Each structure stands twice: as structure tokens, then as C-alpha cells.
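Here is the structure we will look at, set down as C-alpha cells.
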Amino acid sequence: MLASKRILLVIAGGIAAYKCLELIRRLRERGAHVRVVMTKAAQQFVTPLSVGALSEDRVYTDLFDLTAEHEIGHIRLSREADLIVVAPATADLLAKMANGLCDDLASNVLLATDKPVLAAPAMNPRMWGHPATRRNVARLVADGIRFVGPNSGAMAERGEFGAGRMAEPMEILAAIEAQFEAAGEGRPLAGRRVVVTAGPTHEPIDPVRYIANRSSGKQGFAIAAALARAGATVTLVAGPVGLADPEGVTVIRVETAREMLAAVEGALPCDVAVMAAAVADWRVASEASEKIKKGPEGTPSLAFVENPDILATVGRHPTLRPKLVIGFAAETENLLANAQAKLAKKGADLIVANDVSPETGIMGGDRNTVRLVEASGVTDWPDMAKDEVAEKLVAVVVERV
Ligand code: CTP
Numbered sequence: 002m003l004a005s006k007r008i009l010l011v012i013a014g015g016i017a018a019y020k021c022l023e024l025i026r027r028l029r030e031r032g033a034h035v036r037v038v039m040t041k042a043a044q045q046f047v048t049p050l051s052v053g054a055l056s057e058d059r060v061y062t063d064l065f066d067l068t069a070e071h072e073i074g075h076i077r078l079s080r081e082a083d084l085i086v087v088a089p090a091t092a093d094l095l096a097k098m099a100n101g102l103c104d105d106l107a108s109n110v111l112l113a114t115d116k117p118v119l120a121a122p123a124m125n126p127r128m129w130g131h132p133a134t135r136r137n138v139a140r141l142v143a144d145g146i147r148f149v150g151p152n153s154g155a156m157a158e159r160g161e162f163g164a165g166r167m168a169e170p171m172e173i174l175a176a177i178e179a180q181f182e183a184a185g186e187g188r189p190l191a192g193r194r195v196v197v198t199a200g201p202t203h204e205p206i207d208p209v210r211y212i213a214n215r216s217s218g219k220q221g222f223a224i225a226a227a228l229a230r231a232g233a234t235v236t237l238v239a240g241p242v243g244l245a246d247p248e249g250v251t252v253i254r255v256e257t258a259r260e261m262l263a264a265v266e267g268a269l270p271c272d273v274a275v276m277a278a279a280v281a282d283w284r285v286a287s288e289a290s291e292k293i294k295k296g297p298e299g300t301p302s303l304a305f306v307e308n309p310d311i312l313a314t315v316g317r318h319p320t321l322r323p324k325l326v327i328g329f330a331a332e333t334e335n336l337l338a339n340a341q342a343k344l345a346k347k348g349a350d351l352i353v354a355n356d357v358s359p360e361t362g363i364m365g366g367d368r369n370t371v372r373l374v375e376a377s378g379v380t381d382w383p384d385m386a387k388d389e390v391a392e393k394l395v396a397v398v399v400e401r402v
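For the sequence shown, the working numbering begins at 2 and goes up steadily by one.
Structure, rendered in C-alpha cells:
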């Protein structure tokens, strides 16, 4: 399966770098082409000579190597691969990747690439557990970087144990194979984490009454199912609907907007968010603890407060914003203008806009006519089944992550 696959291996400076020699051998045995970039620090642990002997290619070490830039620029280097593997991915290199820093060849290649990246972290357990590294890894997961390891065990430093050992070469090899297998099997979203919201929310008035809307949840459930079929790891946060759990999807059932927000935040970091729920904009300011009774006070009047905006919270998240944030716009008038306003206001990349006027039959029905609104323009899709809208939307997701 790895025959003629092009792997660009980035070796950073850690003691685990020696394991890369074994990794290169195993990749070559399977017919993969291996091109290697080494950081300056990596060369303290293994020499370009031994790496080059095993990869049977020249080893790239210097951003300002004119001969190399002449033969193959660092941009081409970053794109002429099917997969980039970073092993060992040190705390320093992960921090650079998370922040888009690029002061050497390895970090430039990682910033310039448009190819999938698999990282095998290796560092001291305290460094791995440090909040800064946690933040960087969460950021990288949200950016779409995949990880293998680290494992737990004894460290190179005497007496140190914990999580931080680089995955073994055979484990990295298995992760590389899994990556190609998933892509080749029509499961292009394998390894991607997605959170989807669907359905209405119910906002209680008292223990027996609530405010709701007509959302059926069908479109959100269809999207979650289609994403799972494409290989994604899907968390579906669903308001009260009578639909069965889609196959292979983790479903969290909630009632209120605040519960929905908490469940969505709990599902972060992830690569993609699809917010299809018809979240109640308002809730009753103070829910009555007992059933409100008819009485001499006459008709009750309800005061409302605004609910949190889940899409905007995710779309404008300071640290865990997914790479792709998709919202919906349910409108009964001025569809396009309202959808465009929501795109900007909520920090979404794309808004799926639909007309939910009663005569369209969209709300609660099985069909949908949508317009895809993004900063760069609008695409109209013809009327189709909600399942087809879901399939087409998954194709859009695959293109963008
Ligand atoms: N949304 C959300 N949380 C809210 C309200 C809306 O996540 N509290 C999301 C919906 O899931 C949808 C998008 O925001 O993806 C737009 O929802 P919509 O009901 O069309 O818009 P509103 O924000 O309610 O705006 P308006 O009331 O002006 O229509």
C-alpha cells in the first residue's frame, strides 16, 4: 500500500531521532519514497550521512542552501509529498507549528505545505503536560494535524517516567498506512473530529411547559450520518427530537441552549463544526419551580433573556476554533442579506441558508433548497432530499479540511 507513496519526513532534535533510521528502513522496504528534512538540532542526534544512506536521497537541512533551492525550492519540497511525517515532533517544533513560526527549513516546509501532516511527539513528560504544550497540541488538532503517540514509559533521562516517549517506528508506520488506507477507501475524513448540532432546543417555563420551535433535526442528523460514513469521528449534540442515533455517531441529547453549548464546548477541539440546530434565541428569565396556575393574578407574562450563541462561541473561539465552521440560516425573508450578516457576525466560514417559510415545507420536511453563502460568493443548490444536501456538504468539507 505504501509502494511509490512519497513521504516527507521532518526530523527534529530529540533523542528519539535515532528511531527514525528504523522508520526510514521500514518505509523503504515497503516501496515508499522517503525524502528527509532535518533541523539543526536533529543533526546533533543522527547524522545526515546515515539518514541519507537509508533514504537513498539527499537530505535537506538548510533553508538558505542555494544549490538545494535551485534544484528544488522549499515550497516544492513541502508539496511534492503525499504525507508529511514529523518525528520526533519536539515541544519546540510543535510550538512553532501551532504559531506559524518559520525560521528554518523544517518550519518553513510545515507552514508552506498543503498536504496532510502526521506528528509523533517526543519530549519529557513535564514538557508534554505543560499547559503551553497542551494549548499548542489543541491548536494543532484544530488545525487538522494528526498525531500518533506519545507513549508512556521510561524516559531517556534517568529515573523519569510518564507520557512523552515517541511512538515506536512500527506504530508510526501503522499510522501512516492507516492514513493512506482511509483516504483510499472513500473515507476521506478518517481521523477528523467533527461536532454537529441538530434539532430545536426546549426552554422551560415551568416544570411542565416549555418554548420550542418546529425544527425536526432531520438535516443535522443526515449531516452527522454522512460525515461518519466519510470516516469522521462525529459528536452529534441533539435537542429533543424523535430520531434514532445515526450509525457510528456519538449522540449527546440535550434540552436547552445552555446544555447544548456546554456539550459542544466539551467536544472541542475538533476539525469541523456544523451548527445545524435551531437554537432558541431566548429563554424565560426565571423558570418557575412549580407549575404556573390559573388564578386571581390573571394571565402570566413572561420575561425573556437571550441565550448564548453557540455558533458564534465556536466561530470566534480564541484558542479552539475548528478549522472549518459551518452555520445555518433559517430565514423567512431577505435570505441572502441575513445569511451574509450571520456569516460575518458569527465568525463562520460558510452559511447554509434556507427559506423556512411555511409554504416551502422545509422545516420538518424531507427536502431542502439551500444557498451556500461564503465571503467569496454564493452557490445555489437545486431542491433535493436532506440526505443529498448532507452528502454534498460532506464533499465541501472534504475539500476544505
Ligand atoms: N445559532 C446558535 N446559537 C444560537 C442561535 C443560533 O448556534 N443561540 C446558530 C444556528 O445553529 C445556525 C445559526 O446560528 O447555525 C443561525 O441561526 P438562525 O436561527 O438562523 O439565526 P439567529 O442567530 O437566531 O438570528 P435571527 O434571530 O436574527 O434569525
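The beta carbon of each residue, even a glycine, is placed where N, CA and C say it ideally should be.
These numbers were taken from a predicted model, which means no experiment stands behind them.
Next item on the list: Check each residue's C-beta against every heavy atom of the ligand CTP and list, in chain order, those closer than 5 Å.
Entry: Met-276, Ala-278, Val-280, Asp-282, Asn-308, Asp-310, Ile-311, Leu-312, Gly-328, Phe-329, Ala-330 and Ala-331
Margin query: Going by C-alpha to C-alpha distance, which of Asp-282, Thr-300 and Asp-83 sits closest to Ile-8?
Written below: Asp-83
Notebook entry, point to check: Should Phe-162 go down as buried or exposed, given a rule of 16 or more other Cβ atoms within 10 Å for buried?
Noted result: exposed
Item checked: Burial state of Ser-153 (16 or more Cβ within 10 Å) -> exposed
Check: What residues in its chain sit with their C-beta under 7 Å from that of Val-149, if we drop five residues either side in the sequence?
Finding: Leu-119, Ala-121, Ala-168, Glu-172, Ile-173 and Ala-176
Notebook entry, point to check: How big is the Cα-Cα spacing for Ala-278 and Leu-50?
Noted result: 57 Å
Next item on the list: Give the DSSP bridge partners of Glu-204, in chain order.
Entry: Ile-212
Notebook entry, point to check: For the segment 285-302 against the segment 354-363, are there 3 or more C-beta pairs whose distance is under 8 Å?
Noted result: no
Checklist line | Spatially closest choice to Lys-292 from Arg-26, Pro-205 and Arg-188, by CA coordinates | finding: Pro-205
Check: Count the other CB atoms within 10 Å of the CB of Arg-135; is the residue buried (16 or more) or exposed (fewer)?
Finding: exposed
Checklist line | Within 8 Å, strictly: CB atoms of Ile-327 and Ala-313 | finding: no
Next item on the list: Answer yes or no: do Gly-192 and Arg-230 have a C-beta to C-beta separation smaller than 8 Å?
Entry: no
Notebook entry, point to check: Along the chain, where does the beta strand (DSSP E) that runs through Glu-1 open and close?
Noted result: Residue coverage of the chain in this structure runs from 2 to 402, which leaves residue 1 outside it and unanswerable.
Next item on the list: Sort His-75, Val-47, Ile-85 and Lys-20 by Cα distance to Lys-6 and report the nearest one.
Entry: Ile-85
Checklist line | Per-residue burial, Val-209 [other beta carbons within 10 Å of its own, 16 or more giving buried] | finding: exposed
Notebook entry, point to check: If Ala-143 and Pro-359 are in contact, beta carbons under 8 Å, what's the gap, nearest whole angstrom?
Noted result: Contact doesn't hold; Cβ gap of about 39 Å is too wide.
Check: Can you give, in chain order, each stretch of the beta strand (DSSP E) that sits fully within the segment 324-363 and has at least 3 residues?
Finding: 325-332 and 351-356
Margin query: Bridge partners for Asp-381 per DSSP, in chain order?
Written below: Arg-372
Checklist line | Residues that DSSP places opposite Ile-73 in a beta bridge | finding: Partner(s): none; Ile-73 has no beta bridge.
Margin query: Check whether the segment 254-274 and the segment 182-202 touch, using three or more Cβ-Cβ pairs below 8 Å as the test.
Written below: yes
Checklist line | Limits of the unbroken beta strand (DSSP E) element including Ser-153 | finding: 152-155
Notebook entry, point to check: By Cβ distance, which residues of its chain are closer than 6 Å to Glu-375, with the 5 residues on each side in sequence left out?
Noted result: Leu-351
Check: At which residues does the beta strand (DSSP E) containing Ile-85 begin and terminate?
Finding: 84-90
Notebook entry, point to check: How close, in whole Å, do the beta carbons of Thr-202 and Asp-105 come, if the pair is a contact with beta carbons under 8 Å?
Noted result: No, Thr-202 and Asp-105 are not in contact; Cβ-Cβ is about 49 Å, not under 8 Å.
Note to self: Give me the residue from Ala-227, Asn-335 and Gly-240 with the minimum Cα distance to Leu-394.
What the structure shows: Ala-227
Check: Where DSSP assigns a beta bridge to Leu-237, which residues make up the other side?
Finding: Val-197 and Val-252
Margin query: Can you list, in chain order, the residues of its chain with a C-beta nearer than 6 Å to that of Ala-183? Leave out the 5 residues immediately preceding and following it.
Written below: Ala-191 and Gly-232
Item checked: Residue interval of the alpha helix (DSSP H) (run including Arg-29) -> 20-30
Note to self: Could you pull the DSSP bridge partners for Ile-12 from this structure?
What the structure shows: Met-39
Margin query: Less than 8 Å between the beta carbons of Ala-199 and Gly-221, yes or no?
Written below: yes
Next item on the list: Can you give me the start and stop residues for the beta strand (DSSP E) that Leu-119 sits inside?
Entry: 118-122
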